[in-house]
Every structure is written in C-alpha cells, then in structure tokens.
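Engineer: Below are the structure tokens for one structure; questions will follow.
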Amino acid sequence: MNEFPYPRYSYQVQPREVDLTKKATIFTLGDCILHAAGEDADQIGFGVRELQRKNMTWVLSRMAVEVYRFPEEYERYTIGTWVGEISRLMTTRNFVVHDADDRRIAAASTCWAMIDMQSRLPLDLRENVDYNRALISEPCPVGKPLKIARVDGQLADDRRVRYSDVDFNQHTNTMKYIQWMIDTLPLERLTEGQMKRLDINFIHETRYGQQVQVYYEEGECGDRFEVRLMPEGTTACKAVFQWNKNR
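For the sequence shown, the numbering used here assigns the number 231 to the initial residue and increments by one for each residue that follows.
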C-alpha cells in the first residue's frame with residue numbers, strides 16, 4: 231500500500247545512464263522525472279497519447295530540480311508526482327525522488343502548457359482537462375522554477391539540431407538542451423562538483439536541421455546558459471546550474 235498521498239513510479243539506474251563517476255547524470259534523472267509525469271498523466275486520463283487524438287499535446291515551460299544525492303549505477307529509486315496547481319494557460323506538476331530506504335534524494339517542480347499541435351498556440355486548460363480530480367494538496371519541497379534573465383555571455387558551442395535530438399513533439403527533446411550545456415563545461419567541474427539545483431526556462435521551439443548556439447557566463451548564482459536559434463538570435467531556452475563543490 232502506498233503510504234504517500236501521491237502515486238510513485240519505480241526506476242533503476244542502468245549502466246547507460248551513468249557518467250564516469252558511476253552515478254546517474256542530471257539528464258538521466260530529469261528524463262525519468264518527465265517519464266513519471268507522462269505515466270501519471272496517462273493514469274488520470276490526459277496523457278500525450280490521449281491528447282494527440284484531439285490534436286493537442288503538452289509542452290514543458292519551466293523546470294526546477296534539486297538534487298541531494300545522485301543515485302548510483304543499478305540503484306533502485308522511486309519518483310512520486312502530483313498536480314499541484316492549475317490556471318488558464320499553465321499547470322504545475324511536482325515530484326519527489328526517494329531511494330530504496332524512502333530517503334528523499336531529489337525533488338522537482340515543473341510548469342506545463344497545453345498547445346494545439348497545428349497552430350502551436352496555447353489552449354485554455356480549464357476547457358480541455360478536468361483537473362479537479364487530479365489536484366493533490368501536497369506541498370512541494372522545491373521552490374518554483376526561476377524566471378531567468380538574458381545571458382550575455384560568450385559563445386560556448388555552435389551546432390545543428392540532429393535526428394537524435396528530436397522527440398515525438400517534433401521539436402528538440404527537453405534533456406538535449408541540458409546535455410548541450412553540460413558538454414560545454416570542463417571535466418573537472420563535472421567530476422569534482424555535484425549539481426545541487428537546475429532551473430531551465432523553455433521559450434521557443436527548435437526543430438530538426440536548425441542551427442543553434444549555446445552561450446555561457448558564470449554568475450553569482452552559478453553557471454548561466456542560453457540557447458539561441460540562428461541566424462535570428464531568438465532565445466530558445468535559458469538555464470542556471472548551481473553546484474556543490476565536492477561530490
């Protein structure tokens with residue numbers, strides 16, 4: 231019996247999901263968090279497969295993840311998730327990650343919009359989803375995702391969106407942006423430090439074949455990134471990584 235007020239989904243860290251420290255990467259953990267969101271949405275009747283039959287889909291607008299300990303290779307863990315808030319154009323979904331001993335090792339908060347798949351315009355959630363039966367009154371241990379200011383840093387990477395970057399929504403997968411940013415950092419930052427919080431804002435879609443540039447600057451609150459769609463320079467997403475000095 232689930233003693234928690236929200237459903238939980240089980241995962242195990244696979245060898246392909248760890249880095250050279252043999253711990254799950256931030257994009258592995260983030261990917262499983264989003265997978266749990268999809269599983270729960272399916273269970274309560276408004277998952278992507280159901281929405282796509284009506285020419286609608288979910289898009290992630292903002293995400294915040296706090297990590298207290300990254301799970302290790304082959305470690306089992308659970309992700310609990312619930313819908314916390316709903317407004318006309320946005321809904322908040324929260325997450326808590328526990329290890330096998332039910333100790334909290336991470337938590338997250340996300341903001342989502344529902345869009346029309348043809349026009350790509352947002353839809354009124356109150357007209358399309360019966361969210362009252364999904365809302366759970368449970369506090370989230372993570373503060374809401376930050377609104378990130380423009381990043382006026384240096385060019386760190388220049389790349390084209392490839393086939394392996396694109397997901398079922400026909401745009402760049404959420405975790406690919408984080409992977410692009412991580413790949414610009416020195417190895418020492420990734421092996422000697424541990425990310426303690428990630429905030430990311432998604433502003434504009436990028437699609438297969440488009441050229442993007444990753445900009446970076448070091449700020450008081452951590453590493454700041456911005457991905458821009460070229461040649462226009464339109465901001466696609468922005469992120470802030472905060473670190474603990476030692477793993």
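Even for Gly, the Cβ is constructed at its ideal location relative to N, Cα and C.
Helix, strand or coil for PRO245? Go by DSSP, reduced to three states.
Structural biologist: Note: PRO245 maps to helix in three-state DSSP.
Engineer: Where do the ends of the alpha helix (DSSP H) carrying GLU280 lie?
Structural biologist: Taken as a continuous stretch (DSSP letters only), the alpha helix (DSSP H) holding GLU280 covers 278-282.
Engineer: Would you decide whether MET347 is buried or exposed? Buried here means 16 or more other CB atoms lie within 10 Å of its CB.
Structural biologist: Classification for MET347: exposed.
Engineer: Whose C-alpha, out of ASN403, SER240, VAL396 and ASP387, is nearest the C-alpha of ILE412?
Structural biologist: Minimum Cα distance to ILE412 is reached at ASP387.
Engineer: Kindly give me the distance between the Cβ atoms of PRO237 and GLY310, rounded to whole angstroms, as I take these residues to be in contact under 8 angstroms.
Structural biologist: Right, the Cβ-Cβ distance comes to about 7 angstroms (below 8 angstroms), so this counts as a contact.
Engineer: Under 8 angstroms, do ILE335 and PRO369 count as touching if we go by C-beta distance?
Structural biologist: Their beta carbons are not under 8 angstroms apart, which means ILE335 does not touch PRO369 by this criterion.
Engineer: On the DSSP bridge assignment, give the partners of PHE325 in chain order.
Structural biologist: Per DSSP, THR311 and ALA338.
Engineer: Is the stretch 324-341 close to the stretch 366-384, with three or more CB pairs under 8 angstroms?
Structural biologist: The answer is yes - the stretch 366-384 touches the stretch 324-341, with three or more Cβ pairs under 8 angstroms.
Engineer: Kindly give me the distance between the Cβ atoms of VAL391 and GLU303, rounded to whole angstroms, as I take these residues to be in contact under 8 angstroms.
Structural biologist: Actually they are not in contact, since the Cβ atoms of VAL391 and GLU303 sit about 30 angstroms apart, beyond 8 angstroms.
Engineer: Extract the residue ranges of the alpha helix (DSSP H) inside the stretch 342-425, only unbroken runs of 4 or more that lie entirely within it.
Structural biologist: Counting whole runs of 4 or more residues, the stretch 342-425 contains the alpha helix (DSSP H) stretches 355-358, 404-412 and 417-422.
Engineer: Determine the contact status of PHE432 and TYR445, defining contact as a CB-CB distance below 8 angstroms.
Structural biologist: Not a contact, by the Cβ cut-off of 8 angstroms.
Engineer: When we look at the beta-carbon of MET231 and count the other beta-carbons within 10 Å, is it buried (16 or more) or exposed?
Structural biologist: Only weak support exists for where MET231 lies, its pLDDT of 44 falling under 50; the value from the coordinates is given anyway. The residue is exposed, with fewer than 16 neighbouring Cβ atoms inside 10 Å.
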